[in-house]
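The sequence shown maps to residues 5 to 402 in this note's numbering.
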Amino acid sequence: MAAPTTPEGSQGKLVIKNIGLMLSGKMEAPIYEADCLIAVDGKIAEWGYAKDLDCEGADTVIDAHGVTLAPGLIDSHIHPVVGDYTPRQQQMHWIDSTLHGGVTTLISAGEVHMPGRPKDIVGLKAMAIAAQRWYENFRPSGMKVHAGAPVIEHGMVEEDFKEMADAGVKLLGEVGLGTVKDGKTAKQMVDWARKYGIQSTIHTGGPSIPGSGLIDADMVLETGTDVIGHINGGHSALPDDQIMCLCESCTAGLEIVHNGNERAALLTLNTARELKHMDRIILGTDGPAGSGVQPLGIMRMVAMLSALGNVPAEIAFCFANGNTSRQRELDTGILEVGKCADFVLMDQAQHAPGKNVLESVQLGNLPGVGMTIIDGRVTSGRSRNTPPAGRLPEVVSG
């Protein structure tokens, strides 16, 4: 397998024609009436019907051949280490495989699987800054990896968070995976992080790895993180009444993960729907982990929540891109002018039941990914991991 490469800077005009269905990533308007999209220098410029747009002078033209275009999917909860390798499963190129599942952005919940991970204050700050830097400088197969998420430890002071923020760190690893396991201390550190623009996530449920512990609803609420990490457990979920309490008692993001409890995932979805808070639902895989890595994990969560949660597929896809974009304050994941031109082009899988791709997904089937685009550049073609798509997009010039 060829080594992943970092794409060159995005330049020029991209035109994608003959789009059969355009998903926006916005729950309030999940489907756009359009068959063409134009991006300039890696940013979305306009969309609509090709007859009404200026499609001339394109550096790259893609004929979608009637497939569906959606914002690239986002995995809100991963545990990377370095490059496209994870020592947790001794696996190479897991990020490239994830790209073939339609995911274009990954968000770290802590680089906890680094062998010999430093737990002293100087060491953990150094590793956080280094992890942020190496994924900023190296994008495996073009994937955007937001990393450098330190796990908080006893002894940290406000100046530590300022120092990390000044150096470019924007995330905290899962609260509870380090030595800080009481709500009062955790809240103080989360507040310091928030003061300096660092977003926080908390481990929720029973222990996942040696050294972690039970984080119950009371601690989650007391700590007040921005995201309730794997509310459906990673792996063991909290009791039903605590999950419902979390949905009802705060406004934090409700992160549902592949490596969690599926029944608890559906409970979270149903509770959020009753509260009219489905816009808080975001998706992650929580891999690499003991369960391995899941290149199709986000797509599988979309299909599962749509099928078993009775959610229209176009809404379920928003859990995997637009909702996460808004919760994580990203410049991708929604079709809006000025947002990054990061897309997945997909179609109903060959011989899959359903009248179209959306109905097929709501029946629980995965679509076939035909292409991914990041910053206006093609980063992968026909997926080697999804079932084969009925139709495939094609680069016709450029």
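Ideal Cβ positions, reconstructed from N, Cα and C, are used throughout, including at glycine.
Remember, it's a predicted structure, so these values are computed and weren't measured experimentally.
Contact under 8 Å by Cβ, residue i with residue j
i      : j      : result
Leu41  : Pro34  : no
Leu396 : Gly374 : yes
Gly209 : Leu250 : no
Asp79  : Ile111 : yes
Ile232 : Gly201 : no
Gly87  : Thr108 : no
Leu270 : Thr328 : no
Ala151 : Leu176 : no
Gly385 : Asp63  : no
Phe321 : Ala74  : yes
Thr229 : Ile206 : yes
Val224 : Ser204 : no
Gln15  : Asp56  : no
His355 : Gln298 : no
Ala345 : Val71  : no
Met168 : Ala132 : yes
For residue i, the three-state DSSP class (helix, strand or coil)
i      : result
Tyr139 : helix
Asp148 : The sequence given here places Lys at residue 148; Asp does not occur at that position. Of the three classes helix, strand and coil, the one that applies to Lys148 here is strand, per DSSP.
Cys3   : This structure cannot settle anything about residue 3, because the visible part of the chain is limited to 5 through 402.
Thr72  : strand
Glu115 : coil
Gly159 : coil
Gly52  : strand
Asp170 : helix
Gly257 : strand
Ala317 : helix
Val179 : strand
Ser14  : Confidence is the limiting factor: at Ser14 the pLDDT is only 49, short of 50, which leaves the residue's position unreliable, though a coordinate-based value still follows. If DSSP states are grouped into helix, strand and coil, Ser14 belongs with coil.
Arg395 : coil
Gln366 : helix
Lys21  : strand
N-terminal and C-terminal residue of the alpha helix (DSSP H) that residue i is part of
i      : result
Cys251 : Asp244 to Ser253
Thr102 : Trp98 to Leu103
Thr328 : Gly326 to Arg332
Glu226 : Ala221 to Thr227
Ala197 : Gly187 to Lys199
Glu398 : Unbroken run through Glu398 is the beta strand (DSSP E), Glu398 to Ser401; no alpha helix (DSSP H).
Leu270 : Glu266 to Glu278
Alpha-carbon spacing of residue i relative to residue j, whole angstroms
i      : j      : result
Leu218 : Arg143 : 34 Å
Gln331 : Asp283 : 9 Å
Ile99  : Arg381 : 17 Å
Lys426 : His81  : This structure gives no information on residue 426, because the portion of the chain shown stretches from 5 to 402.
Val85  : Val116 : 8 Å
Ile66  : Ile23  : 10 Å
Ala135 : Leu334 : 19 Å
Pro292 : Asp58  : 44 Å
Pro8   : Ser145 : Because the pLDDT of Pro8 is 35, which lies under 50, any placement of that residue in the model is unreliable, and the number read from its coordinates should be weighed accordingly. Computed Cα separation, rounded: 5 Å.
Arg92  : His83  : 9 Å
Ile350 : Gly368 : Sequence inspection shows Met at residue 350; the Ile mentioned does not correspond to that position. The straight-line gap from Cα to Cα measures roughly 15 Å.
Asp379 : Asp245 : 43 Å
Pro11  : Tyr139 : In this predicted model, Pro11 has a pLDDT of only 48, less than 50, meaning its place in the structure is not dependable; the value taken from the coordinates is given anyway. Going by the C-alpha atoms only, they are around 13 Å apart.
Ile156 : Arg137 : 19 Å
Residue range of the beta strand (DSSP E) that includes residue i
i      : result
Ile202 : Premise fails: Ile202 is in no beta strand (DSSP E) and is neither H nor E.
Are the region 379–389 and the region 110–120 in contact at 8 Å, needing three or more beta carbon pairs?
no
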